[in-house]
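In my numbering, the protein residues as written are 1 to 662.
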């Protein structure tokens, strides 16, 4: 196992006999040399090509000297805001400052600036002048076009212009970074590097684009017209395909953003090579005295086996970053990594995860996409599975069996999200059985998100009946194998399209399930997603039809409270929501009631019938008959959840929006 980190100081460079480096990698996260961290991957990829690479992690953005501490690099500077968008890292959905930062030493917040990519890049321009400057990472990738910024509540121009960068690398940047480095090393001026797939650059006229192209409404147009914004967003999504996608042009004043088509997904051999580079697998020891870097704990003994996600949830950034085409590592590569983990001095026999964006995707969704690309206007799994879907988990199951057989491995868990609708399409059933029998560490993460059909359609999720069938089978398998294992269902409140009535229906569905979730998430309008487009424009960009958007903070608080209706501190909000929606039938003593009535001053339970007492079992007060539409919106589960029901994990403070596994 390698123990040598890349240089982080002049002393490290001198120890290697370097006077300077070829590339300086600046990142908004602590330096963790592990393939779960994008800057580490790009650093090692460039090192493998023979370049001298140094890493500058979380420099003091107010001090120019911090950026020159390693000297001027010979070929260029590459800047990343970190593993997640810096604004998401810093602020909750309520726009409150977070009190911790898992990607910083000691969980300490405040070690990177807001809009880190822009701030770092502008300082690079200040201290190094016209040096080739390339930005990348998730923050740059999702902000490559004019985009709605939730924190400023306005449309911002492409981050390429605000950062003053020469090139923007979007998506997973190994191929583009290698190509750019080779051009720079050969003496090509950076302003002539205009044909690399997976990159954006600033031009003056369409003739500078090397690919078939499509133009979307300009920055000025999308600022002034929400319909234009929605139209642009839809085209940006449709063309994000490595096989059939075109270059996208967007005017910004007198300049032109030119986004070349996406890079081709890595082949299995290429992905193997990336993950078998000599990563140390740990945070740099300079952080030891500060308590280390918490983000490593979840991934230290985990294995990534795939990339991409054809689940295409509308609120998730993966489709716009990694893309919808699946790439997977070979069994041999994954097994070699597992064997290295066994030799780690801290390994206790448990591999925490063998996953990726979605754990149970290991091959493209169908054969057609390999030649024609992903369907332009159709999702693979929602609202129902495509008939061409190749739902086969045989290869993944074989891989898990092989890892389980490695001497020293006691358990192999799957903690990244399982796509339950895909699992239910696999008619064999063998994977589901072994998942329950061997690979659940007490609780399984799944993402039904909601129960109302219309809301799920806006989310790009399957209808709740699919989840109910999955849940029931999960319970049966747990009983069969004598397991007491739980589901941890992720749910989202206040998503575009979700009315207060819909939120009440979700609460009813949860109540009938017999459990109340501890982990709930308000919809977070992060840059670039289709759901964020709906939030900003009030339009569904797929249809251009109006969408109801809950933006009032008080209504959002009521929607969230309804998912945790049993909590005493939520009672006032839940009561108000039920009255606003004329659902007083849910206040009473019946089995389906959410709240008990307020007790009289003498503390006695109200006498007699009526709404104050609530409906009897199986009945409803007069005038409150359950309509067929309401029944269809939230089908009642076959039986209350018991031993294999929902877990009640301790809620995480300041939880970030999750990625993948939708």
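The beta-carbon is built from N, C-alpha and C at its ideal position, and this holds for glycine as well.
All values derive from a computational prediction rather than experimental measurement.
N- and C-terminal bounds of the alpha helix (DSSP H) containing residue i
i	result
residue 64	64-67
residue 402	394-404
residue 321	318-321
residue 12	10-15
residue 266	Unbroken run through residue 266: none, as it is neither H nor E.
residue 233	226-238
residue 554	553-562
residue 331	331-342
residue 535	530-537
residue 38	38-48
Same chain, Cβ closer than 6 angstroms to residue i, neighbours up to 5 away in sequence not counted
i	result
residue 266	327
residue 535	496, 525 and 549
residue 271	327 and 329
residue 561	570, 573 and 574
residue 104	30 and 111
residue 210	195
residue 7	13 and 54
residue 636	Per-residue confidence for residue 636 stands at a pLDDT of 39, beneath the threshold of 50, marking its modelled position as unreliable; the derived number appears in the next sentence. Excluding sequence neighbours, residue 636 sits near 512.
residue 176	169, 196, 198, 199 and 263
residue 341	301 and 347
Residue i - DSSP class collapsed to helix/strand/coil
i	result
residue 155	strand
residue 306	strand
residue 203	strand
residue 255	strand
residue 84	coil
residue 453	helix
residue 19	coil
residue 27	strand
residue 579	helix
residue 574	helix
residue 32	strand
residue 79	strand
residue 441	coil
residue 351	strand
residue 586	helix
residue 663	Because the chain spans 1 through 662 in this model, residue 663 falls outside it and cannot be assessed.
residue 221	helix
residue 93	coil
residue 288	helix
residue 274	helix
residue 447	strand
residue 595	strand
residue 295	helix
residue 546	strand
residue 283	strand
Beta strand (DSSP E) segment containing residue i, residue limits
i	result
residue 462	Per DSSP, residue 462 belongs to no beta strand (DSSP E) and is neither H nor E.
residue 110	No beta strand (DSSP E) holds residue 110; DSSP gives it neither H nor E.
residue 213	213-215
residue 54	53-57
For residue j and residue i, believed in contact at Cβ under 8 angstroms, the rounded distance
i	j	result
residue 229	residue 222	4 angstroms
residue 440	residue 485	5 angstroms
residue 448	residue 436	In fact, because the Cβ distance is near 18 angstroms, the residues do not count as touching under 8 angstroms.
residue 669	residue 69	The requested residue 669 is not part of the displayed model; the chain covers only 1 to 662.
residue 203	residue 256	5 angstroms
residue 490	residue 519	7 angstroms
residue 504	residue 581	5 angstroms
Own chain partners of residue i with C-beta closer than 7 angstroms, once the 5 adjacent residues on each side are dropped
i	result
residue 382	460, 461 and 462
residue 238	376
residue 128	72 and 77
residue 433	477
residue 364	325, 326 and 370
Neighbourhood of residue i by C-beta distance below 8 angstroms, restricted to the same chain and skipping five residues each side
i	result
residue 470	420, 421, 423, 424 and 446
residue 242	197, 261, 262, 263, 264, 265, 323, 325 and 373
residue 320	141, 142, 236, 237, 240, 528 and 529
residue 406	335, 338, 339 and 342
residue 456	382, 383, 449, 450, 462, 463 and 464
Entirely enclosed alpha helix (DSSP H) segments - the stretch 459-524, minimum 4 residues: Correct list: 464-480 and 500-513.
Threshold first: 3 residues or longer. Then list the beta strand (DSSP E) segments lying entirely within the stretch 353-432, N to C. Counting only runs of at least 3 residues, the stretch 353-432 fully encloses the following beta strand (DSSP E) elements, listed from N- to C-terminal order: 353-355.
Just list the beta strand (DSSP E) runs in the stretch 147-199, keeping only unbroken ones of 3 residues or longer that don't cross its boundaries, in chain order. Whole beta strand (DSSP E) segments, 3+ residues: 147-149, 154-156 and 167-169.
Can you check the stretch 111-141 for any beta strand (DSSP E) of at least 3 residues that lies completely inside it and give the ranges in chain order? Here the runs fully enclosed are 133-136.
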